[in-house]
Amino acid sequence: MSKLALVTGATSGIGRAFAERFAADGYDLIVVGRRRDRLEEFAAAHPEADVRTVTADLSTEDGIDTVAAYCADEPLDMLVNNAGVSHYMPLADLPAAKARELVNVKVLAPTLLTRAAVGGMQRRGGGTVVNVAGMIAFSGPADPSVMPRRAVYAGTLAHLVAMTQTLSAELQGTGVRAHVVCPGVVATEFHSSQGLDLSAVPRMSPEDVVSGALRGLELGETVSAPGVEDRRLLDDVFAADLAAFAGQSPELAARYRVG
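Residue numbering for the sequence shown follows our numbering, starting at 18 and increasing by one per position.
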């Protein structure tokens, strides 16, 4: 019996690369995206796999509910929460509609789709959730001169990292795994869709992002960073997080005391 994977944002870039990899590995697929024509093109190009297409906009409540129903009802072996929107701009310049779209796609949708999927995975004793975040999740302390400011976008990716790490701990012993992949700049339509020309910037291929995530799973990593050569850099970040968490006290820290 073939394994079954559901991939959101499967019409291009990293999502399509995940779907291509799973089709090559013998999975049946449920591919989700906004563009019906691209979904149908993908299905037609992969007659070797059982490919079902779901046209849904994950920035909307109806779109999230539609895909969540598949996550709850289908015996998924793999859920990849990849769908994304960019909307790079400072918070004061970010229109409310775009802020809502970004949070819906990168926070609410992965949360609710994962919630819908993990119950069945636990009952079946296995399954994997992969969330696609990015290295911008770690960029919060950056000096204001570094990169265009994108507070909401960075915050959504940081949410995915923290949620996945905590979920991974919740799922210990169930046979279900949670993983988040954090690529850097990737050669996709993601930037060109917002009018940014990064053709001169070295970029990772979507296929390498997928290879990094799947190899990270094999290595037992909860957070993979395909472009970071020295794994100790990530380990140091997480160790510092835990040290700060463990260092808290009910007493007011001396530096905050007045007089």
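C-beta atoms are modelled at their ideal positions from N, C-alpha and C, and glycine is treated no differently.
Keep in mind it's a predicted model, so treat the numbers as computed, not measured.
Nearest to D79 by C-alpha distance, out of A27, A34, L125, F59, is L125.
In the structure shown, the three-state DSSP call for S185 is helix. For a cut-off of 8 Å, the C-beta gap from M138 to V193 is around 4 Å, short enough to register as a contact. In the DSSP assignment, A22 forms a beta bridge with L46, M95. Contact check for I31 against V226 passes: the beta carbons are separated by less than 8 Å. Sequence-distant Cβ neighbours of R249 in its own chain, meaning closer than 7 Å and more than five residues away, do not exist here. One thing to note: A133 has its Cβ within 8 Å of the Cβ of A89. Beta-bridge analysis with DSSP links T70 to V48. If you draw a straight line from the Cα of A61 to the Cα of V84, it comes to about 21 Å.
Using a C-beta cut-off of 8 Å, the stretch 97 to 113 makes contact with the stretch 157 to 169, since at least three inter-stretch Cβ pairs fall below that distance.
Where A61 is concerned, the enclosing alpha helix (DSSP H) starts and stops at 53 to 62. Ranking A230, E235, V202, R232 by CA distance to the CA of R220 puts V202 first. Under DSSP, the beta-bridge partners assigned to H196 are V147. Beta-bridge pairing by DSSP links V240 to V197. Spanning the alpha carbons of A100 and A116 requires a straight line of approximately 15 Å. Annotated three-state conformation of V203 is strand, per DSSP. Beta bridge pairing from DSSP links M221 with V203.
For D247, no alpha helix (DSSP H) encloses it, and the DSSP letter there is neither H nor E. In the structure shown, L174 falls within a helical segment according to DSSP collapsed to helix, strand and coil.
Counting of Cβ neighbours within 10 angstroms places G26 among the buried residues, the total reaching 16 or more.
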